[in-house]
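Peer 1:
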């Protein structure tokens, strides 16, 4: 039985994302990148909470929410307000910096 030598094409992660999700700037790619950042944020909250030796219940008490809301926040930060995120990081004694980028080509004043 003879086997054929197939040469695999090497691709970077960005090239794979371009092919499978869409190019940077497309709606699909923007949604993917946003969802990924939100997932990382939830993981970061959980990690810092654990470093501070706090349970979800204790963190919830510090910011005035139920344990279930902290659990939900750690799993899915998409449906949470910036105010809640800031309260969580303040309770965790973490510094927060936001970066806002505005695409001038899409910004118009009527």
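Numbering (full-length UniProt numbering), first residue to last: 1 to 110. Yeah, the Cβ is synthetic: ideal placement off N, Cα and C, and Gly gets one too.
#1: Going by other Cβ atoms of all chains shown within 10 Å of its Cβ, with 16 needed for buried, is residue 74 buried or exposed?
#2: For residue 101, does the three-state DSSP call read helix, strand or coil?
#3: Just reading off the alpha helix (DSSP H) that residue 60 is part of, what are its end residues?
#4: Are the CB atoms of residue 77 and residue 41 nearer to each other than 9 Å?
#5: Assess, as a yes-or-no matter, whether the region 14-34 is touched by the region 52-72 under the definition of 3 or more beta carbon pairs within less than 8 Å.
Peer 2: In terms of the structure at hand:
#1: With 16 or more other Cβ atoms within 10 Å, it is buried.
#2: Coil at residue 101, not helix or strand.
#3: Where residue 60 is concerned, the enclosing alpha helix (DSSP H) stretches over 56-63.
#4: Contact flag set, yes.
#5: A contact between stretches requires three or more CB pairs, one per stretch, nearer than 8 Å, and the region 52-72 fails this requirement with the region 14-34.
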